[in-house]
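Single-structure report; data block below.
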Amino acid sequence: DQQVKQNSPSLSVQEGRISILNCDYTNSMFDYFLWYKKYPAEGPTFLISISSIKDKNEDGRFTVFLNKSAKHLSLHIVPSQPGDSAVYFCAASARDYKLSFGAGTTVTVRA
Amino acid sequence: DAGVIQSPRHEVTEMGQEVTLRCKPISGHNSLFWYRQTMMRGLELLIYFNNNVPIDDSGMPEDRFSAKMPNASFSTLKIQPSEPRDSAVYFCASSYSVGEAFFGQGTRLTVV
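Here you go:
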C-alpha cells in the first residue's frame, strides 16, 4: 500500500524555468516530510524538509509547500539548473524512524 | 566524515549462493537502516536498528534475509540462499535523530 505517491514519473523543464514536483500522501499521522535527490549510481541525498506545523520552507532555490488539508506537498526549484537533473523522492514520517518514500520523479533540465 | 560507506558497490552471484552486504554508518549516528530499491516497489525499508539493536525487521522479505549490527560502526545484510528476484540496489542509511537519514552509495546486487 503506497502511502506516499508521486504521480508524475518524469518532468522536463528548460534551464532557468521553474520545476514543480508534486507529492500526495494518505496517512494522516504523517507530520514530517522530506525531499531527497538521487543521481545515478549514488544514494539519495537529503534536500529539504518541512514539519506539519509549517506550510512553507525555503532553502535557496528550493521551496517546499505543504497543504495538510489536501495531504499534498510540492517542491519548487527556481531557477532550474542542469545540475538539478536527477530523481527526486518525496518521503514522509510520523515522527518515528520509518520513512515512507514515493516512487520518485525524474527531472530533466534542458539547456 | 566520509559518510555512510557500503561495500561492495557491485555484486554478481549465482543463485543459491550466500551474499553479504556491508555498511559502516556515520560516526555518532545511533540509527541504521537497510533499504532495497527495485523498479516495482521503489525504496522499501527492510530493517531498522537503534543503538545496535534491531527494532523493526518487518520489511525483511523472507527468512533468507538476515541483518546484524555487532557494534556501532558496522552492519551486515546477508541473503542465504540468494535468488534472482533478490536482484536490486541495497542501500544502508544512518541518522542521529528522527528525520533526515544519510544514505550510502548502495550495493547493486545481481543474482543470476
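Residue numbers (this note's numbering), protein chains in the order written: chain Y, 650 to 760; chain W, 682 to 793.
Cβ atoms here follow ideal geometry from the backbone N, Cα and C, with glycine treated the same way.
Please read these numbers as outputs of a predicted model, since none were measured by experiment.
I need the DSSP call for residue i, collapsed to helix, strand or coil.
i: D744 (chain W); result: coil
i: R766 (chain W); result: helix
i: P735 (chain W); result: strand
i: G723 (chain W); result: strand
i: D745 (chain Y); result: coil
i: D733 (chain Y); result: helix
i: P658 (chain Y); result: coil
i: F695 (chain Y); result: strand
i: T757 (chain W); result: strand
i: P751 (chain W); result: strand
i: V713 (chain Y); result: strand
i: A782 (chain W); result: coil
i: A719 (chain Y); result: coil
i: A690 (chain Y); result: coil
Could you give the C-beta distance for residue i and residue j, rounded to a whole number, given that I count them as a contact under 8 Å?
i: S749 (chain Y); j: S668 (chain Y); result: Contact doesn't hold; Cβ gap of about 23 Å is too wide.
i: A769 (chain W); j: T719 (chain W); result: 5 Å
i: D680 (chain Y); j: S701 (chain Y); result: 4 Å
i: V685 (chain W); j: F784 (chain W); result: 6 Å
i: I726 (chain Y); j: L715 (chain Y); result: The Cβ separation is near 16 Å, so there is no contact.
i: Y771 (chain W); j: L758 (chain W); result: 6 Å
Got a sec, what are the start and stop residues for the beta strand (DSSP E) residue i sits in?
i: I702 (chain Y); result: First-last for I702 (chain Y): undefined, no H or E at that position.
i: H710 (chain W); result: Segment: none, H710 (chain W) is in no beta strand (DSSP E) and carries neither H nor E.
i: E695 (chain W); result: From DSSP, E695 (chain W) is part of no beta strand (DSSP E); its letter is neither H nor E.
i: T755 (chain Y); result: 754 to 759
i: Q687 (chain W); result: 686 to 688
i: D673 (chain Y); result: 668 to 674
i: K687 (chain Y); result: 681 to 687
i: V727 (chain Y); result: Per DSSP, V727 (chain Y) belongs to no beta strand (DSSP E) and is neither H nor E.
i: V792 (chain W); result: 788 to 792
In chain W, which residues lie with their C-beta within 8 Å of the C-beta of residue i?
i: K747 (chain Y); result: L726, Y729, D737
i: F614 (chain Y); result: With chain Y running from 650 to 760 in the structure shown, residue 614 (chain Y) is simply not present.
i: F695 (chain Y); result: E781, A782, F783
Show which residues of chain Y have a CB atom less than 7 Å away from the CB atom of residue i.
i: G785 (chain W); result: G692
Which chain W residues sit within Cβ distance under 7 Å of residue i?
i: A735 (chain Y); result: Ordered by position in chain W, no residue passes the 7 Å Cβ test against A735 (chain Y), which lies about 14 Å from the chain.
i: L683 (chain Y); result: E781
i: G753 (chain Y); result: G723
i: F750 (chain Y); result: G723, L724
i: S698 (chain Y); result: G780, E781
i: F738 (chain Y); result: L724
The ligand FMN heavy atoms versus the CB of residue i: any closer than 8 Å?
i: P731 (chain Y); result: In terms of ligand content, the structure shown is empty, and the ligand FMN therefore cannot be addressed.
Inset, instruction - Determine contact between the region 700 to 711 of chain W and the region 681 to 697 of chain Y, defined as no fewer than three beta-carbon pairs at a distance below 8 Å. - result: A contact between stretches requires three or more CB pairs, one per stretch, nearer than 8 Å, and the region 700 to 711 of chain W fails this requirement with the region 681 to 697 of chain Y.
Legend entry - Inter-stretch contact (C-beta, 8 Å, three-pair minimum) for the region 740 to 758 of chain Y and the region 717 to 737 of chain W: Pairwise C-beta distances place the region 740 to 758 of chain Y in contact with the region 717 to 737 of chain W, as three or more of them are shorter than 8 Å.
Inset, instruction - Report yes or no: do three or more beta-carbon pairs, one from the region 748 to 755 of chain W and one from the region 730 to 738 of chain W, lie closer than 8 Å? - result: The region 748 to 755 of chain W is in contact with the region 730 to 738 of chain W.
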